[in-house]
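Shown next, in structure tokens, is the structure this report addresses.
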Amino acid sequence: MVAELDTVQDRPQAAPNLVGAGTPRSVAVSPLLRVDDLRTHFLSRDRYNRPRVAAALNGVSFSLDRGEILGLVGETGAGKSLTAYSILGLLKPSARIVGGQVLFDGQRLDTMAPAALNALRGRRLALVVQNPKTSLDPLTRVGPQLLRIYRHHRGGEAARKRVLAMLASVGIPDPERRYGAYPHELSGGMAQRVVIAAALINGPDLLIADEPTTGLDVTVQAQVLDLLAARVQAARMAVLLITHDLGIVAQYCSRVAVMYAGRIVEIGAVEQVLRDPAHPYTRALIAATPERLQQTGAAPPVNLPPPDLFALPSGCAYRDRCPLQIERCASTPPEIQAPAGQTAYCHRVMPAS
Amino acid sequence: MPAVTFTRFLARRLTTALIAVAAVLVATFLLVRLTPDPVAVLAGPEATPAQIQAMRQQLGLDRSVAQQFLIYAERALAGDFGRSWISGRPVLTEIAERAPFTVELLIWGIALGTVVGVAIGLQAAYRRDGWFDQVTRVLSLAGFSIPTYFLGLLMLLVFFYLLQWAPPGMGRLSPLYSAPPFVTGSYVFDGLLAGKLNVAWSAAAQLVLPVCCIAIICAAPTIKQVRALALDALESDYIRYGRAQGMPAGMLRRMVLRNCLAPIVTFVGLELVSLMGTTAIIEYVFSWGGLGHYGLSAIIAGDFNAVQGYVLTLACFCVAIFLAVDLIVLAIEPRSR
Ligand SMILES: Nc1ncnc2c1ncn2[C@@H]1O[C@H](COP(=O)(O)OP(=O)(O)OP(=O)(O)O)[C@@H](O)[C@H]1O
Ligand code: SF4
Ligand SMILES: [Mg+2]
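So the protein sequences, as listed, match chains F and B. Just so you know, we're using this note's numbering here: the first sequence kicks off at 397 and counts up by one. Just so you know, we're using this note's numbering here: the second sequence kicks off at 29 and counts up by one.
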């Protein structure tokens, strides 16, 4: 199925995969996506009309190459979806990129003219949204929605056949029937698969998948992720996979970034980060997975309130919750290369000698 | 939608409609019977007690209230609202003669007001907080708060008296012409059908000011409503997702409009209903002689039968509008099926 789908598209020459998973990217070839110190704030006004700023992204940096799946994890409200929207220029009016840059294939996305960016979106840049049921156009049947994405970017022929093949490839049974369904007639899992099909239909170079498998049962989840992995292999697509599920990260991602309060606190190869987590927050995150809780017999941690974005503490934002917190943590944590090889931002991580 | 569900839907809506009409029937009856005895007024100050008594008998006011209601309900359901106490002609005939004038006024006014209101509302949402949005917000508020009769008089003052662009507000046709033969009841169309262009033109000119009044009254809240709906749509997940797919701006705007359409239709239905009352005042100001004018005169004169006929006709109009709105929403909104 995958092979058949790929014959339809005129894929740009894939860059050779010079960089292996996890190795620092110091190689001359620039990565497909580079996010540099990205800062996004929500600007609003309070009752007295004084400006209020929610510092939602506070310097997010990472890069992502063709043929690679980068996991992005972190608790709810950490800014994972916002990172995706900031990269793709899909912020709502109250949110604004106030610093940093986004480079896709050598072009600045954050300063690109809206029309030029719009031409990239849906074709070379694809998004699997976190909430498919409210994101699909409520008044248009599913098939025609996919059809217009394809037609708009690629025009014409055999579009319907391709839509049906796409729907089948994401594990939608009886695609002919679903083709004519309205979004509200779909179950959550079915809508989820539809937006995955929509994202893949034009063979994007970069796919940002925001919790693409919530609402799918385990079999379908595996099927969909295997499909993505196959495309990453065959079509050299790059994937930013946002998820809560560290099991998925372990199985499908080559690298993983851990996010807290709008910052990446640790990033590196999956084996490094998951086996030898360096940052206290990553450790807490891993300790709180259902499997680990079962192993250790520990009580699940109480859900601490997310940090107040309107008044983040200076220095390390994790300070209030961190068991290792010391005075120094009130200043910006340094970038440390941990012994296992990954990068962490913390005062207490011992650097590799 | 399967035929069975549709039939059931229709049956349910018609039942509600019938209950509503029945309630209005009772209300109109009570409303009129509970007001002070009008016979003394009708009969005039010189009438003797015997004459008054005879009049009461003639009007059926000597029977018990329950009896009066049964007679009233039976006749009203058969379309017989009795005769006007003033003109002595059957109320139904008088209403049927005048209804087309009001309908013509309302249709043009609502159509113009809705088109303008929707267009401005959408633009205001697209340029949120820009100067267009600010200006139209003030205008909408002004149109919303200006009293109807004052608006009518203001229009006459400006466009007839000062600028002399519009004819005086003296009815549906310039006194220079005689009415064209009755076909639709609209002088514009009937004039055209009769090949009398000058009659049609004069009738159209007479329509302009009252239609504009209704359009203003209709557009003002529509702007506000459509702006709010469009802003919601613009902030919605599906528009963001549409942008994520690189859909062109024109298609996204169409999507916004289409997604606002069902609530707009509902809103315009409500507007239409509330404008039925407002129209009466406009008709009065412009001596229109339509249904609203008739109803208002009947209320002022205490002509019970005419008032009842008028109110019941309005109620039936409203029920029909609500039914039509439901059907349209059903047709354009897949989630309602
Ligand atoms: N209008 C707004 N004003 C202020 N803060 C906002 C606004 N909208 C969102 N936020 C904040 O932005 C932060 C980022 O949210 P985001 O949706 O990216 O989280 P997430 O990591 O995707 O979480 P989840 O796992 O629940 O999807 C959240 O903490 C949220 O409270
Ligand atoms: S910098 Fe300090 S507070 Fe932050 S995670 Fe490290 S030890 Fe904890
Ligand atoms: Mg999210």
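Built from N, CA and C at the ideal position, the CB exists for glycine as well. Treat the numbers as computed from the prediction; the structure is a model and nothing was measured.
By DSSP's criteria, residue i is part of a beta bridge. Which residues make up the other side?
{"i": "residue 503 (chain F)", "result": "F:500"}
{"i": "residue 73 (chain B)", "result": "Answer by DSSP bridge pairing: none, since residue 73 (chain B) is not bridged."}
{"i": "residue 459 (chain F)", "result": "F:430"}
{"i": "residue 450 (chain F)", "result": "F:438"}
{"i": "residue 467 (chain F)", "result": "F:637 and F:652"}
{"i": "residue 731 (chain F)", "result": "F:741"}
{"i": "residue 495 (chain F)", "result": "F:435"}
{"i": "residue 118 (chain B)", "result": "B:111"}
{"i": "residue 604 (chain F)", "result": "F:523 and F:636"}
Report the residue from the options whose alpha carbon sits nearest the alpha carbon of residue i.
{"i": "residue 360 (chain B)", "options": "B:287, B:187 and B:221", "result": "B:287"}
{"i": "residue 465 (chain F)", "options": "F:648, F:736 and F:712", "result": "F:648"}
{"i": "residue 496 (chain F)", "options": "F:512, F:460, F:430 and F:444", "result": "F:430"}
{"i": "residue 53 (chain B)", "options": "B:262, B:349, B:363 and B:338", "result": "B:338"}
{"i": "residue 606 (chain F)", "options": "F:618, F:525, F:623 and F:548", "result": "F:525"}
{"i": "residue 631 (chain F)", "options": "F:462, F:721 and F:432", "result": "F:462"}
{"i": "residue 211 (chain B)", "options": "B:129, B:161 and B:196", "result": "B:129"}
{"i": "residue 342 (chain B)", "options": "B:124, B:313 and B:38", "result": "B:124"}
{"i": "residue 633 (chain F)", "options": "F:523, F:504, F:554 and F:532", "result": "F:523"}
{"i": "residue 270 (chain B)", "options": "F:729, F:686, F:536 and F:720", "result": "F:536"}
{"i": "residue 294 (chain B)", "options": "B:84, B:175 and B:254", "result": "B:254"}
{"i": "residue 330 (chain B)", "options": "B:247, B:263, B:313 and B:112", "result": "B:112"}
{"i": "residue 624 (chain F)", "options": "F:538, F:711 and F:567", "result": "F:567"}
{"i": "residue 485 (chain F)", "options": "F:473, F:505 and F:477", "result": "F:505"}
{"i": "residue 651 (chain F)", "options": "F:658, F:644, F:666 and F:639", "result": "F:666"}
{"i": "residue 737 (chain F)", "options": "F:645, F:713, F:702 and F:673", "result": "F:673"}
{"i": "residue 636 (chain F)", "options": "F:601, F:467 and F:439", "result": "F:467"}
{"i": "residue 702 (chain F)", "options": "F:434, F:562, F:473 and F:676", "result": "F:473"}
{"i": "residue 560 (chain F)", "options": "F:582, F:546, F:579 and F:539", "result": "F:539"}
{"i": "residue 682 (chain F)", "options": "F:573, F:670 and F:628", "result": "F:670"}
{"i": "residue 726 (chain F)", "options": "F:645, F:732 and F:714", "result": "F:714"}
{"i": "residue 441 (chain F)", "options": "F:434, F:450 and F:435", "result": "F:450"}
{"i": "residue 281 (chain B)", "options": "B:77, B:91 and B:153", "result": "B:153"}
{"i": "residue 257 (chain B)", "options": "B:97, B:344, B:151 and B:200", "result": "B:151"}
{"i": "residue 313 (chain B)", "options": "B:162, B:45, B:221 and B:175", "result": "B:175"}
{"i": "residue 41 (chain B)", "options": "B:362, B:355 and B:365", "result": "B:355"}
{"i": "residue 718 (chain F)", "options": "F:745, F:706, F:498 and F:590", "result": "F:745"}
{"i": "residue 279 (chain B)", "options": "F:544, F:641 and F:664", "result": "F:544"}
{"i": "residue 144 (chain B)", "options": "B:306, B:249 and B:263", "result": "B:249"}
Note down, in chain order, every chain F residue with its Cβ under 7 Å from the Cβ of residue i.
{"i": "residue 161 (chain B)", "result": "The contacting residues do not exist; residue 161 (chain B) stays about 13 Å from chain F at best."}
{"i": "residue 287 (chain B)", "result": "534 and 535"}
{"i": "residue 363 (chain B)", "result": "534 and 580"}
What residues of chain B sit near residue i, judged by a beta carbon separation below 9 Å?
{"i": "residue 525 (chain F)", "result": "265, 268, 269 and 272"}
{"i": "residue 514 (chain F)", "result": "271, 274, 275, 276 and 277"}
{"i": "residue 549 (chain F)", "result": "273 and 274"}
{"i": "residue 476 (chain F)", "result": "The premise fails here: residue 476 (chain F) is roughly 16 Å from chain B at the closest Cβ pair, so nothing lies under 9 Å."}
What does residue i touch in chain B if you count any residue whose Cβ is under 7 Å from its own?
{"i": "residue 484 (chain F)", "result": "272"}
{"i": "residue 545 (chain F)", "result": "273"}
{"i": "residue 726 (chain F)", "result": "None at all; the shortest Cβ gap to chain B is about 37 Å."}
Who are the neighbours of residue i on chain B, taking C-beta pairs under 8 Å?
{"i": "residue 530 (chain F)", "result": "264, 265 and 266"}
{"i": "residue 519 (chain F)", "result": "274"}
{"i": "residue 488 (chain F)", "result": "263 and 268"}
{"i": "residue 594 (chain F)", "result": "273"}
Under 9 Å Cβ-Cβ, which residues of chain F neighbour residue i?
{"i": "residue 283 (chain B)", "result": "533, 535 and 536"}
- Jot down the residue ranges of each uninterrupted beta strand (DSSP E) in the stretch 181-229 of chain B, minimum 3 residues, whole runs only, in chain order. As summarised for the stretch 181-229 of chain B, there are no continuous beta strand (DSSP E) elements at least 3 residues long confined to that stretch.
- Message: Under 5 Å, CB to any heavy atom of ligand 2. Which residues pass, going along the chain?
- Response: Chain-ordered, the residues whose CB falls short of 5 Å from any heavy atom of ligand 2 come out as F:676, F:712, F:714, F:715, F:718, F:720, F:721, F:725, F:729, F:742, F:743 and F:744.
- Task: Kindly provide the chain-ordered list of residues whose Cβ lies closer than 7 Å to any non-hydrogen atom of ligand 3.
- Result: Chain-ordered list of matching residues: F:476, F:477, F:526, F:606, F:607 and F:638.
- Contiguous alpha helix (DSSP H) assignments of at least 4 residues, all confined to the stretch 509-591 of chain F: Segments of the alpha helix (DSSP H) lying fully in the stretch 509-591 of chain F: 510-516, 528-531, 538-550, 555-565 and 571-575.
- Whole beta strand (DSSP E) elements within the stretch 643-705 of chain F, 3-residue minimum: Within the stretch 643-705 of chain F, the runs of beta strand (DSSP E) that reach at least 3 residues and sit entirely inside it are, in chain order, 651-656 and 659-665.
- Message: Ignoring anything shorter than 3 residues, give me the beta strand (DSSP E) runs that lie fully in the stretch 284-318 of chain B, in order along the chain.
- Response: Listed in chain order, the beta strand (DSSP E) elements of length 3 or more contained wholly in the stretch 284-318 of chain B amount to none.
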